[in-house]
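Residue numbers (this note's numbering): 17 to 140.
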């Protein structure tokens, strides 16, 4: 009977995945598998999967950071779809990237046309 009860012995080498070698959190091999199964091309280099994974991780981290700031501004601790909507629509680059995307339960961006504001102040 083993002392480690099914675990790897401490002397065995640690397994390094492609994600840890590339310094990423997202799974590189899963993205590579999706690229192959999508039949976008006959062959794919693993570097293409690493690059795409790093881009997806960067965009996700940026979006979550801005949504967290929006949640903090509204005195909330959890990020809701409304905070994601506010983060996406306030950033011009993400707004252009996700212009055709509808975020469920995201609501709309508050906007009042300046002409409506100015006419109400002039009439008073």
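We put the beta carbon where it would ideally sit given N, CA and C, even for glycine.
Can you have a look at residue 31 and say buried or exposed, based on whether 16 or more other CB atoms are within 10 angstroms of its CB?
By the neighbour-count rule (16 or more Cβ atoms within 10 Å), residue 31 is not buried but exposed.
Who are the near neighbours of residue 121 in its chain, counting only those whose CB is closer than 8 Å to its CB and skipping five residues on each side?
Closer than 8 Å at the Cβ level, and outside the excluded window around residue 121, lie 96, 97 and 98.
Closest by CA to residue 94, which one among 123, 101, 47 and 83?
Per the Cα distances, 83.
Note down the Cα distance separating residue 103 from residue 29, rounded to an integer number of angstroms.
Approximately 43 Å between the Cα atoms of the pair.
Given residue 52, which residues of its chain have a CB within under 7 Å of its CB, disregarding the five upstream and five downstream residues?
So the list reads 60, once near-sequence residues are dropped.
My output table needs one value for residue 84: the three-state DSSP class, helix, strand or coil.
Three-state result, residue 84: helix.
Would a C-beta distance cut-off of 7 Å place residue 72 and residue 42 closer than the cut-off?
A contact, by the Cβ cut-off of 7 Å.
So, is residue 125 buried or exposed, given that buried needs 16 or more other C-beta atoms within 10 angstroms?
Exposed is the call here.
Going by DSSP in three states, residue 32 sits in which element: helix, strand or coil?
In the structure shown, residue 32 sits in coil (DSSP, three-state: anything other than H, G, I, E or B).
Output yes or no for whether 7 Å exceeds the beta carbon distance between residue 66 and residue 86.
No, they are not a contact pair.
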